[in-house]
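For the numbering used here, count along the sequence shown from 1 and bump the result up by 6.
Worksheet: the structure to be examined is printed underneath.
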Amino acid sequence: MVTTELQRKLHANDYPHAEELRGRLVPVYHITDKDALPSIMQTGLSASRDKSRSAKMYKEERRIVDGIIDRFVFKLWPGFSRTDAIYADLEPAIRIVPFRWQTTNLEVMVDPSKVLVVDQWYYDETRGALQRHKLREVVWNARQYWKTAVTLQEYRARGGGLFAIPEVIIPNPVGIGRLRVLND
7 MVTTELQRKL HANDYPHAEE LRGRLVPVYH ITDKDALPSI MQTGLSASRD KSRSAKMYKE
67 ERRIVDGIID RFVFKLWPGF SRTDAIYADL EPAIRIVPFR WQTTNLEVMV DPSKVLVVDQ
127 WYYDETRGAL QRHKLREVVW NARQYWKTAV TLQEYRARGG GLFAIPEVII PNPVGIGRLR
187 VLND
């Protein structure tokens, strides 16, 4: 189903090739540093270009946890990886207070049949189990993370609400024609 807002954007040619994409794309939302916007809006959005403060702060921990979780993805979802993904929310994010004035939401238009929604709760549980040195919990939660995955199309068809913390996994990269900065 195409929303009135999406139709307005497509008619306004906010996205190149709007005619061929009409009805297929839906918005999801990625939070980023405002300082990164000039580069993103020139070259597009990719996981390797995430230079946000939160990305730097959690880079090493995230690299380790993503690596563990990615050991279980290949049989279930070939072509997907947390390491090479862009993460997004289904709704514009409420920005974390310490970084509030330095971050903004990007609207990212995606094909719902080509992105996944997973339960981020299992990512958080994997990270917590790793910190507690509970290997069995690490493995179990990492497997569950990918077992929860469904396409955004399927998630929407089921009416949403499937997960404690829904997280959209977008294969890398996203071109500038599918990005729009939301005004704060």
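Glycine residues also receive a C-beta, built at the ideal position from the N, C-alpha and C atoms.
On a predicted model such as this, the values are computed, not experimentally measured, just so you know.
{"Check": "Inter-residue CB distance, G134 and G50 (contact presumed, cutoff 8 Å)", "Outcome": "Incorrect: roughly 33 Å between the Cβ atoms, too far for contact."}
{"Check": "R4 to P118 span [Cα, whole Å]", "Outcome": "The question about residue 4 has no answer here: the residues shown for the chain are numbered 7 through 190."}
{"Check": "C-alpha gap between F169 and Q150, whole angstroms", "Outcome": "12 Å"}
{"Check": "For I92, three-class secondary structure by DSSP", "Outcome": "strand"}
{"Check": "Buried versus exposed, by CB contacts within 10 Å (16 or more), V103", "Outcome": "In this predicted model, V103 has a pLDDT of only 47, less than 50, meaning its place in the structure is not dependable enough to derive any value."}
{"Check": "Alpha-carbon spacing of N19 relative to Q48, whole angstroms", "Outcome": "Note on N19: pLDDT 40, under 50, position unreliable in the model; no value is reported."}
{"Check": "Straight-line Cα distance separating I75 from T197", "Outcome": "Here the chain comprises residues numbered 7 to 190, so residue 197 is not present and cannot be evaluated."}
{"Check": "Coil, strand or helix - T110 by DSSP", "Outcome": "strand"}
{"Check": "Distance between S45 and L112 (C-alpha atoms, nearest Å)", "Outcome": "13 Å"}
{"Check": "Rounded C-alpha distance that separates V124 from P84", "Outcome": "15 Å"}
{"Check": "Distance, R138 Cα to V116 Cα", "Outcome": "37 Å"}
{"Check": "Residues near R88 by beta carbon distance below 6 Å, same chain, minus five either side", "Outcome": "D72, I75, D76"}
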